[in-house]
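Participant:
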Amino acid sequence: MRSVESNNPVFARSEPLARSLSHGVGFHPAPSADEVENLYRTPQRMTMDDVVVKTGILLAIVVGVGAASWYLQVGIRVAMIAALAGFALAMVNIFKKQVSPPLIMAYAVAQGVFLGVISASWEGDYRGIVVQAIVGTAAVFGAVLFGYKSGRLRATPKFTKVVTFGLVGMVAVFFLNIIANAFGAGDALGLSTGGPIAILFTLGLIIFGALTFVLDFDQADRMVAAGVPEEESWRVAFGLVVGLIFLYLNMLRLLSYLQSSD
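Its first residue numbered -3, the sequence shown is counted upward by one per residue in our numbering.
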(Lines of atoms letter the chains of each structure in order from A and count residues from 1; the text may use other names and numbers.)
(Lines give C-alpha, C1' and ligand atoms only; values in the text may rest on other atoms or scores of the structure.)
Protein backbone atom coordinates (compact mmCIF):
# COMPACT_ATOMS: atom_id res chain seq x y z
CA MET A 1 0.00 0.00 0.00
CA ARG A 2 1.31 3.45 -0.89
CA SER A 3 2.03 5.84 1.94
CA VAL A 4 -0.26 8.84 2.24
CA GLU A 5 1.46 12.05 1.19
CA SER A 6 0.40 15.45 2.43
CA ASN A 7 -0.57 18.18 0.00
CA ASN A 8 0.16 20.87 2.60
CA PRO A 9 3.21 22.81 1.32
CA VAL A 10 4.49 23.29 4.88
CA PHE A 11 4.50 19.57 5.39
CA ALA A 12 5.94 18.91 1.97
CA ARG A 13 8.98 21.07 2.71
CA SER A 14 9.66 19.34 6.02
CA GLU A 15 12.13 16.52 5.32
CA PRO A 16 11.89 15.01 8.83
CA LEU A 17 8.11 14.86 8.55
CA ALA A 18 8.38 13.28 5.09
CA ARG A 19 10.61 10.59 6.51
CA SER A 20 8.24 9.94 9.37
CA LEU A 21 5.31 9.61 6.98
CA SER A 22 7.25 7.17 4.82
CA HIS A 23 7.80 4.99 7.90
CA GLY A 24 4.34 5.54 9.24
CA VAL A 25 5.39 6.68 12.72
CA GLY A 26 7.69 9.15 14.38
CA PHE A 27 7.76 12.63 15.83
CA HIS A 28 9.90 15.49 14.57
CA PRO A 29 10.09 19.23 15.28
CA ALA A 30 7.77 21.60 13.41
CA PRO A 31 9.17 23.82 10.62
CA SER A 32 11.05 26.88 11.80
CA ALA A 33 9.55 30.37 11.66
CA ASP A 34 11.88 31.28 8.76
CA GLU A 35 10.71 28.26 6.76
CA VAL A 36 7.07 29.17 7.26
CA GLU A 37 7.70 32.82 6.34
CA ASN A 38 9.49 31.81 3.14
CA LEU A 39 6.59 29.58 2.19
CA TYR A 40 4.04 32.33 2.52
CA ARG A 41 6.23 34.72 0.54
CA THR A 42 6.20 32.34 -2.40
CA PRO A 43 3.61 33.60 -4.92
CA GLN A 44 0.77 31.30 -5.91
CA ARG A 45 0.99 29.86 -9.41
CA MET A 46 -1.68 30.40 -12.05
CA THR A 47 -4.07 27.55 -12.80
CA MET A 48 -6.87 27.15 -15.32
CA ASP A 49 -9.34 27.39 -12.46
CA ASP A 50 -7.98 30.87 -11.75
CA VAL A 51 -8.58 31.86 -15.38
CA VAL A 52 -12.16 30.52 -15.30
CA VAL A 53 -12.94 32.36 -12.05
CA LYS A 54 -11.47 35.68 -13.19
CA THR A 55 -13.24 35.45 -16.55
CA GLY A 56 -16.50 34.77 -14.73
CA ILE A 57 -15.98 37.81 -12.51
CA LEU A 58 -15.36 40.10 -15.48
CA LEU A 59 -18.34 38.76 -17.41
CA ALA A 60 -20.54 39.21 -14.32
CA ILE A 61 -19.42 42.87 -14.14
CA VAL A 62 -20.12 43.44 -17.84
CA VAL A 63 -23.54 41.80 -17.70
CA GLY A 64 -24.52 43.41 -14.40
CA VAL A 65 -23.50 46.93 -15.43
CA GLY A 66 -25.02 46.38 -18.87
CA ALA A 67 -28.35 45.31 -17.40
CA ALA A 68 -28.37 48.32 -15.08
CA SER A 69 -27.57 50.69 -17.96
CA TRP A 70 -30.38 49.15 -20.01
CA TYR A 71 -32.86 49.41 -17.13
CA LEU A 72 -31.87 53.00 -16.29
CA GLN A 73 -32.06 53.99 -19.98
CA VAL A 74 -28.60 55.54 -20.01
CA GLY A 75 -28.19 57.98 -22.92
CA ILE A 76 -26.18 57.32 -26.05
CA ARG A 77 -23.73 60.13 -25.23
CA VAL A 78 -22.82 58.43 -21.97
CA ALA A 79 -22.45 55.17 -23.90
CA MET A 80 -20.02 56.78 -26.34
CA ILE A 81 -17.97 58.21 -23.47
CA ALA A 82 -17.94 54.75 -21.89
CA ALA A 83 -16.83 53.23 -25.21
CA LEU A 84 -13.92 55.67 -25.46
CA ALA A 85 -12.99 55.04 -21.83
CA GLY A 86 -13.17 51.30 -22.45
CA PHE A 87 -10.88 51.62 -25.47
CA ALA A 88 -8.37 53.69 -23.49
CA LEU A 89 -8.42 51.21 -20.61
CA ALA A 90 -7.99 48.34 -23.05
CA MET A 91 -4.86 49.96 -24.49
CA VAL A 92 -3.48 50.57 -21.01
CA ASN A 93 -4.10 46.98 -19.96
CA ILE A 94 -2.64 45.59 -23.18
CA PHE A 95 0.63 47.51 -22.95
CA LYS A 96 0.98 47.60 -19.16
CA LYS A 97 3.71 45.19 -18.06
CA GLN A 98 2.39 44.76 -14.54
CA VAL A 99 -1.13 43.35 -14.51
CA SER A 100 -3.68 45.57 -12.71
CA PRO A 101 -6.95 43.89 -11.65
CA PRO A 102 -8.62 47.25 -10.78
CA LEU A 103 -7.92 48.63 -14.27
CA ILE A 104 -9.16 45.43 -15.86
CA MET A 105 -12.37 45.58 -13.83
CA ALA A 106 -12.73 49.26 -14.73
CA TYR A 107 -12.58 48.20 -18.39
CA ALA A 108 -15.38 45.71 -17.73
CA VAL A 109 -17.50 48.45 -16.13
CA ALA A 110 -17.00 50.84 -19.06
CA GLN A 111 -17.82 48.14 -21.59
CA GLY A 112 -20.85 47.12 -19.58
CA VAL A 113 -22.29 50.63 -19.88
CA PHE A 114 -21.61 50.73 -23.61
CA LEU A 115 -23.00 47.26 -24.30
CA GLY A 116 -26.10 47.87 -22.19
CA VAL A 117 -27.07 50.98 -24.13
CA ILE A 118 -26.20 49.52 -27.54
CA SER A 119 -28.03 46.28 -26.82
CA ALA A 120 -31.16 48.13 -25.71
CA SER A 121 -31.09 50.22 -28.89
CA TRP A 122 -30.70 47.21 -31.18
CA GLU A 123 -33.35 45.26 -29.30
CA GLY A 124 -35.77 48.13 -29.91
CA ASP A 125 -35.17 47.85 -33.65
CA TYR A 126 -34.90 44.06 -33.91
CA ARG A 127 -36.98 42.11 -31.43
CA GLY A 128 -35.09 39.21 -29.84
CA ILE A 129 -31.73 40.08 -31.39
CA VAL A 130 -29.88 40.34 -28.07
CA VAL A 131 -30.74 36.82 -26.95
CA GLN A 132 -29.84 35.50 -30.40
CA ALA A 133 -26.49 37.31 -30.29
CA ILE A 134 -25.71 35.96 -26.82
CA VAL A 135 -26.57 32.41 -27.86
CA GLY A 136 -24.56 32.77 -31.07
CA THR A 137 -21.54 34.14 -29.21
CA ALA A 138 -21.66 31.32 -26.65
CA ALA A 139 -22.05 28.70 -29.39
CA VAL A 140 -19.06 29.99 -31.37
CA PHE A 141 -16.90 30.22 -28.24
CA GLY A 142 -17.87 26.69 -27.23
CA ALA A 143 -17.13 25.35 -30.72
CA VAL A 144 -13.66 26.92 -30.75
CA LEU A 145 -12.93 25.62 -27.24
CA PHE A 146 -13.97 22.12 -28.32
CA GLY A 147 -11.81 22.38 -31.43
CA TYR A 148 -8.81 23.43 -29.35
CA LYS A 149 -9.25 20.77 -26.68
CA SER A 150 -9.72 18.07 -29.30
CA GLY A 151 -6.53 19.13 -31.09
CA ARG A 152 -8.30 20.14 -34.31
CA LEU A 153 -7.34 23.78 -33.79
CA ARG A 154 -3.71 24.44 -32.86
CA ALA A 155 -1.81 27.69 -32.50
CA THR A 156 0.94 26.89 -34.98
CA PRO A 157 3.20 29.75 -36.16
CA LYS A 158 1.42 29.82 -39.53
CA PHE A 159 -2.03 29.77 -37.90
CA THR A 160 -1.01 32.62 -35.59
CA LYS A 161 0.23 34.80 -38.46
CA VAL A 162 -2.86 34.21 -40.61
CA VAL A 163 -5.30 34.95 -37.78
CA THR A 164 -3.42 37.97 -36.45
CA PHE A 165 -2.78 39.70 -39.77
CA GLY A 166 -6.20 38.73 -41.12
CA LEU A 167 -8.06 40.24 -38.17
CA VAL A 168 -5.88 43.37 -37.99
CA GLY A 169 -6.33 43.94 -41.71
CA MET A 170 -10.10 43.58 -41.60
CA VAL A 171 -10.45 45.85 -38.58
CA ALA A 172 -8.25 48.46 -40.29
CA VAL A 173 -10.45 48.38 -43.40
CA PHE A 174 -13.56 48.70 -41.23
CA PHE A 175 -12.23 51.80 -39.47
CA LEU A 176 -11.11 53.36 -42.75
CA ASN A 177 -14.67 52.93 -44.00
CA ILE A 178 -15.97 54.66 -40.86
CA ILE A 179 -13.54 57.56 -41.36
CA ALA A 180 -14.58 57.88 -45.01
CA ASN A 181 -18.21 57.94 -43.90
CA ALA A 182 -17.44 60.65 -41.33
CA PHE A 183 -15.93 62.86 -44.05
CA GLY A 184 -18.98 62.57 -46.27
CA ALA A 185 -17.93 59.72 -48.54
CA GLY A 186 -20.77 57.55 -47.28
CA ASP A 187 -20.41 53.81 -46.97
CA ALA A 188 -17.73 53.76 -49.66
CA LEU A 189 -16.96 50.06 -49.34
CA GLY A 190 -20.47 48.90 -48.54
CA LEU A 191 -19.48 47.44 -45.18
CA SER A 192 -22.41 48.75 -43.14
CA THR A 193 -25.34 48.89 -45.53
CA GLY A 194 -26.53 45.38 -44.79
CA GLY A 195 -25.91 44.15 -48.33
CA PRO A 196 -24.03 40.98 -49.38
CA ILE A 197 -20.62 42.65 -48.97
CA ALA A 198 -21.46 43.80 -45.42
CA ILE A 199 -22.74 40.34 -44.49
CA LEU A 200 -19.64 38.57 -45.84
CA PHE A 201 -17.30 41.10 -44.24
CA THR A 202 -19.00 40.73 -40.85
CA LEU A 203 -18.84 36.95 -41.16
CA GLY A 204 -15.11 37.32 -41.76
CA LEU A 205 -14.72 39.43 -38.63
CA ILE A 206 -16.62 36.81 -36.62
CA ILE A 207 -14.49 33.95 -37.97
CA PHE A 208 -11.15 35.68 -37.40
CA GLY A 209 -12.31 37.01 -34.02
CA ALA A 210 -13.37 33.52 -32.94
CA LEU A 211 -10.06 31.99 -34.01
CA THR A 212 -8.16 34.39 -31.75
CA PHE A 213 -9.51 32.34 -28.84
CA VAL A 214 -7.21 29.53 -29.97
CA LEU A 215 -4.28 31.89 -29.38
CA ASP A 216 -5.70 32.82 -25.96
CA PHE A 217 -6.17 29.17 -24.94
CA ASP A 218 -2.66 28.29 -26.10
CA GLN A 219 -1.18 31.24 -24.23
CA ALA A 220 -3.04 30.25 -21.07
CA ASP A 221 -1.69 26.69 -21.30
CA ARG A 222 1.84 27.99 -21.78
CA MET A 223 1.54 30.33 -18.80
CA VAL A 224 0.25 27.56 -16.54
CA ALA A 225 3.09 25.27 -17.67
CA ALA A 226 5.62 28.05 -17.01
CA GLY A 227 4.29 28.54 -13.49
CA VAL A 228 3.56 32.26 -13.79
CA PRO A 229 2.09 34.05 -10.73
CA GLU A 230 -1.64 33.66 -10.07
CA GLU A 231 -2.36 37.34 -10.75
CA GLU A 232 -1.50 36.78 -14.43
CA SER A 233 -4.83 34.95 -14.73
CA TRP A 234 -6.40 38.43 -14.81
CA ARG A 235 -4.48 39.15 -18.01
CA VAL A 236 -5.75 35.98 -19.69
CA ALA A 237 -9.31 36.66 -18.51
CA PHE A 238 -9.06 40.19 -19.88
CA GLY A 239 -8.05 38.87 -23.30
CA LEU A 240 -10.93 36.41 -23.35
CA VAL A 241 -13.48 39.07 -22.39
CA VAL A 242 -12.17 41.46 -25.07
CA GLY A 243 -12.64 38.69 -27.61
CA LEU A 244 -16.13 37.85 -26.38
CA ILE A 245 -17.24 41.49 -26.56
CA PHE A 246 -15.85 41.82 -30.08
CA LEU A 247 -17.65 38.62 -31.10
CA TYR A 248 -20.94 39.72 -29.51
CA LEU A 249 -20.94 43.11 -31.24
CA ASN A 250 -20.33 41.55 -34.63
CA MET A 251 -23.03 38.97 -33.95
CA LEU A 252 -25.44 41.86 -33.37
CA ARG A 253 -24.39 43.46 -36.65
CA LEU A 254 -24.70 40.23 -38.61
CA LEU A 255 -28.12 39.40 -37.17
CA SER A 256 -29.39 42.91 -37.88
CA TYR A 257 -28.29 42.58 -41.53
CA LEU A 258 -29.98 39.21 -41.85
CA GLN A 259 -33.21 40.46 -40.28
CA SER A 260 -33.21 43.56 -42.47
CA SER A 261 -32.89 41.44 -45.61
CA ASP A 262 -35.97 39.37 -44.75
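Note that beta-carbon positions come from the ideal geometry of N, C-alpha and C, so glycine has one too. None of these values were measured; they are calculated from a predicted model.
Around the C-beta of residue 219, are 16 or more other C-beta atoms found within 10 angstroms, so that it is buried, or is it exposed?
Facilitator: Indexing the sequence shown from 1 puts residue 219 at position 223. Counting Cβ neighbours within 10 Å, residue 219 comes out buried, since at least 16 surround it.
Participant: Report yes or no: do the region 73 to 85 and the region 100 to 111 share at least 3 C-beta pairs separated by less than 8 angstroms?
Facilitator: yes
Participant: Please classify residue 266 as buried or exposed, where buried requires at least 16 neighbouring CB atoms within 10 angstroms.
Facilitator: Since the first residue shown for the chain is -3 and the last is 258, residue 266 is missing from the structure and cannot be characterised.
Participant: What is the residue span of the alpha helix (DSSP H) that residue 144 lies within?
Facilitator: Counted from its first residue, the sequence shown places residue 144 at position 148. Unbroken alpha helix (DSSP H) run through residue 144: 125 to 145.
Participant: For residue 72, is the classification buried or exposed, using 16 other Cβ atoms within 10 angstroms of its Cβ as the cut-off for buried?
Facilitator: To locate residue 72, count along the sequence shown from 1; it is residue 76. Classification for residue 72: exposed.
Participant: Just the Cα atoms here: how many angstroms apart are residue 51 and residue 64?
Facilitator: For the purposes of this step, residue 51 is identified with residue 55 of the sequence shown, where counting begins at 1. For the purposes of this step, residue 64 is identified with residue 68 of the sequence shown, where counting begins at 1. The alpha-carbon of residue 51 is positioned some 20 angstroms away from that of residue 64.
Participant: Looking at the structure shown, is residue 23 part of a helix, part of a strand, or coil, going by DSSP?
Facilitator: One-based indexing of the sequence shown puts residue 23 at position 27. Low per-residue confidence applies at residue 23: pLDDT is 49, beneath 50, and the placement is therefore not dependable, though the value from the model is reported in the following sentence. The answer is coil: DSSP assigns residue 23 none of H, G, I, E or B.
Participant: When you compare only the Cα positions, how much space is there between residue 166 and residue 225?
Facilitator: On the sequence shown, position 170 is the one that residue 166 refers to. On the sequence shown, position 229 is the one that residue 225 refers to. Approximately 35 angstroms, taken between the alpha carbons.
Participant: On a Cα-Cα basis, can you pick out the residue from 227, 244 and 133 that is closest to residue 94?
Facilitator: What you label residue 94 is simply residue 98 of the sequence shown in a count that begins at 1. Ranking 227, 244 and 133 by Cα distance to residue 94 puts 227 first.
Participant: Run through DSSP, which three-state label would residue 148 get?
Facilitator: For this step, residue 148 is matched to residue 152 along the sequence shown. Coil at residue 148, not helix or strand.
Participant: Under three-state DSSP, which class holds residue 39?
Facilitator: The residue labelled residue 39 in the question sits at position 43 within the sequence shown. In the three-state reduction of the DSSP assignment, residue 39 falls in the coil class, being assigned neither a helical nor a strand state.
Participant: Rounded to the nearest angstrom, how far is the Cβ of residue 235 from that of residue 212, given a contact under 8 angstroms?
Facilitator: As a position in the sequence shown, residue 235 is number 239, starting the count at 1. As a position in the sequence shown, residue 212 is number 216, starting the count at 1. Indeed they touch by this definition, with Cβ atoms about 5 angstroms apart.
Participant: Compute the distance between the beta-carbons of residue 275 and residue 237, then report whether it is under 8 angstroms.
Facilitator: There is no way to answer for residue 275, as the model of the chain reaches only from -3 to 258.
Participant: State the DSSP-derived secondary structure class of residue 230, mapped to helix, strand or coil.
Facilitator: To locate residue 230, count along the sequence shown from 1; it is residue 234. In this structure, residue 230 counts as helix in the three-state DSSP scheme.
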